[in-house]
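Notes to accompany the following structure.
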Amino acid sequence: MCDVMPTIAEDGNSSQGDRDSQASGEGTNVEDMLLSILDERDRLMENLHDAQDQLIYTQNRLTEIERERDALNRQLSEKLPEDLSLLAKEVHRLRDQLVEREEEIIELKSERNNTRVSNAYTRCLDQITSQP
Numbered sequence: 001m002c003d004v005m006p007t008i009a010e011d012g013n014s015s016q017g018d019r020d021s022q023a024s025g026e027g028t029n030v031e032d033m034l035l036s037i038l039d040e041r042d043r044l045m046e047n048l049h050d051a052q053d054q055l056i057y058t059q060n061r062l063t064e065i066e067r068e069r070d071a072l073n074r075q076l077s078e079k080l081p082e083d084l085s086l087l088a089k090e091v092h093r094l095r096d097q098l099v100e101r102e103e104e105i106i107e108l109k110s111e112r113n114n115t116r117v118s119n120a121y122t123r124c125l126d127q128i129t130s131q132p
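Heads up: the sequence shown begins at 1 in full-length UniProt numbering, then just goes up one per residue.
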């Protein structure tokens, strides 16, 4: 920074008064600056405390959520194998039923075709026997 040199008055008395007023003005500026610095420090300290409180709250919340997640994962891992084996058994049972039903459908279609052939044969026989 650049130092500003005080103006030099030609009158000896006025230069002493200027120096005193300048010194008191500089003292006031220094006091104002110190007060401003102290106010800024207080504000920053308050912000720091608020941030620390928020950090502690967030860390506690994170710990709580991690515990909850771990508990849910344990429950899931305990229940999932049971459910998977039950579901696998159910799927296997339903597949067996489906195969049985498909076989039954094939048999019924075959019987229907046999019945048609039998009916046609019977009609033919009826026509042959009914002719004089």
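Quick reminder that beta carbons are idealized off the backbone N, C-alpha and C, glycines included.
Beta-carbon contacts of residue i that lie in its chain and below 6 Å, excluding the five residues immediately before and after
i: Leu87; result: none
Beta-carbon contacts of residue i that lie in its chain and below 7 Å, excluding the five residues immediately before and after
i: Met1; result: The pLDDT assigned to Met1 is 47, lower than 50, so where the model puts this residue is not dependable, and the model offers no usable value.
Any C-beta of chain D under 9 Å from that of residue i
i: Cys124; result: The structure shown contains no chain D; it holds only a single protein chain.
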